[in-house]
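Enquirer: For the sequence shown, position 121 matches number 121 in our numbering, and the numbering has no gaps at all.
Cβ coordinates follow ideal geometry from the N, Cα and C atoms, glycine included.
What you are looking at is a predicted structure, and each value in this text was computed from that prediction instead of being measured.
Encoded as structure tokens, here's the structure I'll be asking about.
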Amino acid sequence: MAPVTLSRPSTTGRSQHVTPPEEPRPLAEELQEVLIETDEEGDIKSPPIHLNSHEDEVKKLKKKLHNLGEQHNTLLDNAKNNAKIAQNRIEALEKKVADLAEIAESLGKTAENSQRLYKEHIEHTQALVATRKDPREILRPRQPNSFNGNADKLQGFLTSLRSYQMYYPI
1 MAPVTLSRPS TTGRSQHVTP PEEPRPLAEE LQEVLIETDE EGDIKSPPIH LNSHEDEVKK
61 LKKKLHNLGE QHNTLLDNAK NNAKIAQNRI EALEKKVADL AEIAESLGKT AENSQRLYKE
121 HIEHTQALVA TRKDPREILR PRQPNSFNGN ADKLQGFLTS LRSYQMYYPI
């Protein structure tokens, strides 16, 4: 029971006043003021001292279940995003591989063409030697073929043209 507080006696000679006692509080309010020990995660170390402890446990478990559900959904969404990113990277790599295969095929055709031209040059040189022409005539550059507008063959055309003009100045 709460202590009774008496008021100071007045100097006028009146009687002393007594304050009424406080009303008793419900047990649930008093139990909420009791300090409950918790660990780092906020879980209660010692069980509460009230009758609804199983309801609190159910609430805690429901909250944990809800949090786990949210974590599961987040992880699932992250996994889906990672799968999409991986699929996009795989497609990009497949495209790069296809491009590299195309480049390799183009290089192979260019190498075959170079070998064919080299063999033609050797055969032409051998034919000129067999006819016993002047070595200067054998080494004389041939007139370059006309330029067809292909940008890939521009450098070769200009080199042939320069050699031809150096040998036959205008």
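Would you mind working out which of Asn73, Leu61, Ile85 and Gln143 sits nearest Tyr167, comparing C-alpha positions?
Expert: Comparing Cα positions, the closest option is Gln143.
Enquirer: What residue does the alpha helix (DSSP H) around Ile85 start on, and which one ends it?
Expert: First-last of the alpha helix (DSSP H) with Ile85: Ser53 to Ala130.
Enquirer: Under a Cβ-count criterion, where at least 16 other Cβ atoms within 10 Å of its own Cβ denotes burial, should Met1 be classed as buried or exposed?
Expert: Any reading at Met1 needs caution, since the residue's pLDDT is 47, under 50, leaving its predicted position unreliable; the model's value is listed next. With fewer than 16 other Cβ atoms within 10 Å, it is exposed.
Enquirer: Alpha carbon to alpha carbon, how far is Arg89 from Tyr118? Give it in angstroms, no decimals.
Expert: Those two C-alpha atoms are separated by around 43 Å.
Enquirer: By the three-class DSSP mapping on this structure, what secondary structure does Phe237 have?
Expert: Nothing can be reported for residue 237, as the shown portion of the chain is limited to 1 through 170.
Enquirer: Assuming contact is defined by CB atoms lying nearer than 8 Å, are Ser160 and Pro141 in contact in what I supplied?
Expert: Against a cut-off of 8 Å, the Cβ pair of Pro141 and Ser160 comes out as a contact.
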